[in-house]
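Novice: Below is the structure I would like to discuss, written out as structure tokens.
In full-length UniProt numbering, the protein residues as written are 1 to 232.
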């Protein structure tokens, strides 16, 4: 494992935080604890997955002023075994495996801050495109990523298994550039797919989104009403 101990300090809503890259198995174990707390029953990350991600990418750790780990994100710059991630890609495309903020620290913009940081890290490593997958009902993640310019380009049925209530995912993609403008706005001619973000599985939304993607639409914006699509 490459040891990188540099810290990046910043203020978020007036409070000090810092980020650094994971550099040990102990770091990865702490990252797993945060991920478990953040995602609960939804495809939580395993220690094996974290080790593979660290070998083929990076894990960013986010700490508060008390040196408590409050968030983490994982980026792959190389494909890994499809037994772990059933999605293949090639450089200069990278893959955001996940972002997790501990439930006690959510709602303060830290997820967005981590998302921006892993995009900047990917750019410094020569990556041109970032892809990721998100559950349709995960409002917070969809809101952050579409706000940063990611588009919903595909509906992946059975991505993690055969249980439609938890295994289907949306594929998001973004062209990486320090000056790439976020979309983050509703444009004329968009189609709204209402989503019940409080439901573990909004079957009607899944069906409508899959149909729109098949007809060449991309998801470009999220708010509490649902996901907005526009013809590409």
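Cβ atoms here follow ideal geometry from the backbone N, Cα and C, with glycine treated the same way.
(1) Does DSSP put residue 14 in a helix, a strand or coil?
(2) Spell out a yes or no on whether the segment 134 to 145 and the segment 65 to 84 are touching, meaning 3 or more CB-CB pairs, one atom from each, closer than 8 Å.
(3) Going along the chain, which residues of its own chain have a beta-carbon closer than 6 Å to the beta-carbon of residue 88, five neighbours each way excluded?
(4) Beta carbon of residue 151, beta carbon of residue 218: below 8 Å?
(5) With 16 as the cutoff for other CB atoms within 10 Å, does residue 60 come out buried or exposed?
(6) Hey, how far is the Cα of residue 226 from the Cα of residue 193?
(7) Give the C-beta separation of residue 111 and residue 123 to the nearest angstrom, bearing in mind that I take them to be a contact with Cβ-Cβ under 8 Å.
(8) Any idea what DSSP makes of residue 24, helix, strand or coil?
(9) Hey, quick one: how far does the beta strand (DSSP E) through residue 127 stretch, first residue to last?
(10) Starting from residue 147 and walking both ways along the alpha helix (DSSP H), at which residues does that stretch end?
(11) On a Cα-Cα basis, can you pick out the residue from 224, 131, 209 and 211 that is closest to residue 198?
(12) In the DSSP assignment, the alpha helix (DSSP H) including residue 209 goes from what residue to what residue?
(13) Could you name the residues of the same chain whose beta carbon sits closer than 8 Å to that of residue 114, not counting the 5 residues immediately before and after it, in chain order?
(14) Mind reading off the beta-carbon distance from residue 172 to residue 134? Whole number of angstroms is fine, and I expect it under 8 Å.
(15) Taking the alpha carbon of residue 144 as the point to measure from, which residue in 166, 160, 155 and 116 has its own alpha carbon closest?
(16) Which class does residue 102 belong to by DSSP, given the choice of helix, strand or coil?
(17) Using DSSP's beta-bridge definition, name the partner residues of residue 195.
(18) Is it true that the CB of residue 174 sits closer than 8 Å to the CB of residue 149?
(19) CB-CB under 8 Å to residue 27, same chain, minus the five flanking residues each way: which ones, in chain order?
Specialist: Let me spell this out:
(1) Note: residue 14 maps to coil in three-state DSSP.
(2) They do not touch, by the three-pair rule.
(3) 79
(4) yes
(5) buried
(6) 6 Å
(7) With 8 Å as the limit, residue 111 and residue 123 do not qualify as a contact, their Cβ atoms being about 19 Å apart.
(8) coil
(9) No beta strand (DSSP E) contains residue 127, which DSSP labels as neither H nor E.
(10) 139 to 147
(11) 224
(12) 203 to 214 is the extent of the alpha helix (DSSP H) around residue 209.
(13) The residues are 19, 60, 62, 71, 72, 73, 99 and 101.
(14) 6 Å
(15) 116
(16) coil
(17) Residue 195 is not bridged to any residue.
(18) yes
(19) Excluding sequence neighbours, residue 27 sits near 59 and 61.
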